[in-house]
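What follows is a set of notes on a single structure, which appears directly below.
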Amino acid sequence: MRSTLLPIAILVSIVVALPSLATVNEKSLQNAQQLRELALRSHLGFDIVESLTVEVGPRLAGTAADARGVAWAEKKFDELGFDKVYKQPVKVRHWERGAASAQILSPFPQPLAITALGDSVSTPKDGLVGELAFFDSVAELNNANPKDVAGKIVYIDARMHRHLEGKEYSTTVAGRSIGSSVASEKGAIGLIIRSVGTDKSRMPHTGNMRYKKGVTKIPAGAISTSDAMMLMAMKKRGQAIKVNMRLDTTTFEPTTSYNVIGEITGSTYPDEYILIGAHLDSWDEGTGALDDGAGVGITVAAAKLIKQFKPKRTIRVVLFANEEGGLIGAKEYRDANASELHKIKLAGESDFGARSIWRFDSQVNPANLPLMSQIAKTLKPLSINQGDNKAGGGPDVSILPAKGVPVFSLRQDGTDYFDYHHTANDTLDKIDPAQLRQNVAAWAVVAYLAAESEQKLLPLIKK
Ligand SMILES: [Zn+2]
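Take 5 as the starting number for the sequence shown in the numbering used here and just add one per residue.
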């Protein structure tokens, strides 16, 4: 008997000892499960995106609509009963779009659906006429002989395919972001790109671009993927193709926008923050429902739902200004809070549309991996699997790990995200309320359990 009892005694003592090793206590865990089920029944996330897209609509940084977006966010945080609501000024560019049109003049005249890239200069009033010089990528343009480009309008036909993880965006986007500078340096008079998108539609995709310092600024636009296909078929006919492109844009003086911040104050560690957020600005073609109204709805709703469970650490929701202009609000946030970044114990941004989350990744100190596993376990009923410890955290928080701030990513299905991204088609009807609720539930679980951690949340180890 003795020999069988002893192992049982050891086992019992281990089990009794377990609570002291727990990453969160039993009550917190029960709350997290309750919170998850509550979020799955809550319509709040969708209501918030609807409110933003109906009452504000498109909100390009620096515009009057952006200012209305800031006022909307402050009011929304107040209405929802956040404990602390404030904003932080951010210097942003102010650029506005006018009309855009383009036609093939020869050999087979017909119109093209086009939009100006953000920050592009205008063409002359009557348009810019030129022969197209064709390239598959910026890399190919880089290697081109200036003789083949000078005096022409460069056309870049970089293609992108649908993918769960939206993988090809980062490699395809170069034509949009730096194509005009490379073309200009070789003497081109304008740039047209195939839209950086995965749809088959006549909706062109806008997006950010920048002129290199000192370069002659040439107008830059994107044509729809449908027109890109037609254009490439026309090229096969072997004749020079001449187009007229008219882009009407205005660049104003830089102005001030704001990061808008709402907090649910922690009951035990009010000075320790779990930062979740999204970006408040959007492109001007659609209503910014997917990019990034969804992220606003998801994170604001998650924090609001957490409030009733009185989290130990503070939940800080940051709605970043001018992400689309190049993480401008995020950089201001990082710099203005430089001496306090160590108080952010975990951070994440939702900025990849509104489809279901399928994976939870982290980038935390190895000592906190048991907490991540506990979070992953609580996410499991939402059909979310635990991934790796190499999370980026989302665009605006991706600059925080370099400062030691741990981050997480709740990765969404991005299969059709780039069908709508930066187009007039980025509208509320693309959001499936059930999938949005799954997002809210997941964000609520991660933020709440991190706020309840019994373990100290440590900074990242410097590489
Ligand atoms: Zn975005």
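Ideal Cβ positions, reconstructed from N, Cα and C, are used throughout, including at glycine.
> Straight-line CA distance for L464 to V158?
Replying inline: In the sequence shown, the residue the question calls residue 464 occupies position 460. In the sequence shown, the residue the question calls residue 158 occupies position 154. Cα to Cα, L464 sits roughly 45 Å from V158.
> Can you name the residues that DSSP bridges to M249?
Replying inline: As a first step, residue 249 is located in the sequence shown; it is residue number 245 there, counting from the start. BP columns for M249 point to A106 and L132.
>> Taking the alpha-carbon of F256 as reference, which of G61, V125, S402 and G352 has the nearest alpha-carbon?
In response: Looking up residue 256 in the sequence shown gives position 252. The shortest C-alpha to C-alpha distance from F256 to any of G61, V125, S402 and G352 is the one to V125.
>> Tell me whether P223, by its Cβ, gets closer than 8 Å to a heavy atom of ligand 1.
In response: Walking along the sequence shown from the start, residue 223 turns up at place 219. Distances between the C-beta of P223 and the heavy atoms of ligand 1 are all 8 Å or more.
>> Is the beta carbon of S184 closer than 9 Å to that of P128?
In response: By 1-based counting over the sequence shown, the position of residue 128 is 124. By 1-based counting over the sequence shown, the position of residue 184 is 180. Contact: no.
>> Less than 9 Å between the beta carbons of Q459 and T27, yes or no?
In response: Here residue 459 corresponds to residue number 455 of the sequence shown, with the count starting at 1. Here residue 27 corresponds to residue number 23 of the sequence shown, with the count starting at 1. The Cβ-Cβ distance between Q459 and T27 falls below 9 Å.
> Does ligand 2 have a heavy atom nearer than 8 Å to the CB of G299?
Replying inline: For the structure depicted, ligand 2 is absent and the ligand set comprises only ligand 1.
>> For the beta strand (DSSP E) containing T492, name the first residue and the last one.
In response: What is shown of the chain runs 5 to 467, which leaves residue 492 out entirely.
> Tell me which same chain residues have a C-beta within less than 7 Å of the C-beta of Y262, skipping the five on either side of it?
Replying inline: Here residue 262 corresponds to residue number 258 of the sequence shown, with the count starting at 1. Excluding sequence positions up to five before and after Y262, its CB lies within less than 7 Å of the CB of V74, K91, Q92, P93, V94 and A325, all in the same chain and listed in chain order.
> DSSP state of S174, grouped into three classes?
Replying inline: Position 170 of the sequence shown holds residue 174. Of the three classes helix, strand and coil, the one that applies to S174 here is helix, per DSSP.
> Taking one C-beta from the region 413-422 and one from the region 164-174 each time, how about it: are there three or more such pairs within less than 8 Å?
Replying inline: Result yes; three or more Cβ-Cβ pairs closer than 8 Å.
> At a cut-off of 8 Å, is P399 close to ligand 1 when judged by its beta-carbon and the heavy atoms of the ligand?
Replying inline: For this step, residue 399 is matched to residue 395 along the sequence shown. Because some heavy atom of ligand 1 lies under 8 Å away, the Cβ of P399 counts as near it: yes.
> By how many angstroms is the C-alpha of A232 removed from the C-alpha of A192?
Replying inline: In the sequence shown, the residue the question calls residue 192 occupies position 188. In the sequence shown, the residue the question calls residue 232 occupies position 228. Annotation: A192 to A232 spans about 20 Å, alpha carbon to alpha carbon.
>> Which same chain residues end up closer than 7 Å to K4 when comparing Cβ atoms and leaving out the 5 residues on each side of it in sequence?
In response: Coverage of the chain is limited to positions 5 through 467, which leaves residue 4 absent and any answer about it impossible.
> Is the beta carbon of K156 less than 9 Å from the beta carbon of A143?
Replying inline: By one-based count along the sequence shown, residue 156 stands at place 152. By one-based count along the sequence shown, residue 143 stands at place 139. Using a Cβ distance threshold of 9 Å, K156 and A143 do not count as a contacting pair.
> Would F86 pass as a contact of V401 if the rule is Cβ separation under 9 Å?
Replying inline: Taking the first residue of the sequence shown as position 1, residue 86 is located at position 82. Taking the first residue of the sequence shown as position 1, residue 401 is located at position 397. Going by C-beta atoms, F86 is not nearer than 9 Å to V401.
> Is it true that the CB of A36 sits closer than 9 Å to the CB of L453?
Replying inline: Taking the first residue of the sequence shown as position 1, residue 453 is located at position 449. Taking the first residue of the sequence shown as position 1, residue 36 is located at position 32. Yes, the pair counts as a contact, with Cβ atoms nearer than the cut-off.
>> Going by DSSP, what residue range makes up the beta strand (DSSP E) through P405?
In response: Here the question's residue 405 lines up with position 401 in the sequence shown. For P405, there is no enclosing beta strand (DSSP E), since its DSSP letter is neither H nor E.
> Can you list the alpha helix (DSSP H) stretches of 4 or more residues lying completely in the region 406-432, in chain order?
Replying inline: For the region 406-432, whole alpha helix (DSSP H) runs of length 4 or above, ordered along the chain, are 421-424.
>> I'd like to know if the region 379-395 and the region 299-307 are in contact, where contact means that at least 3 CB-CB pairs between them fall below 8 Å.
In response: Of all C-beta pairs linking the region 379-395 to the region 299-307, fewer than three are shorter than 8 Å, placing the two stretches out of contact.
> For the candidate residues E135, K314 and T202, whose alpha-carbon lies nearest to that of Q243?
Replying inline: Position 239 of the sequence shown, counted from the first residue, corresponds to residue 243. Looking at the Cα atoms, E135 is the closest of the given residues.
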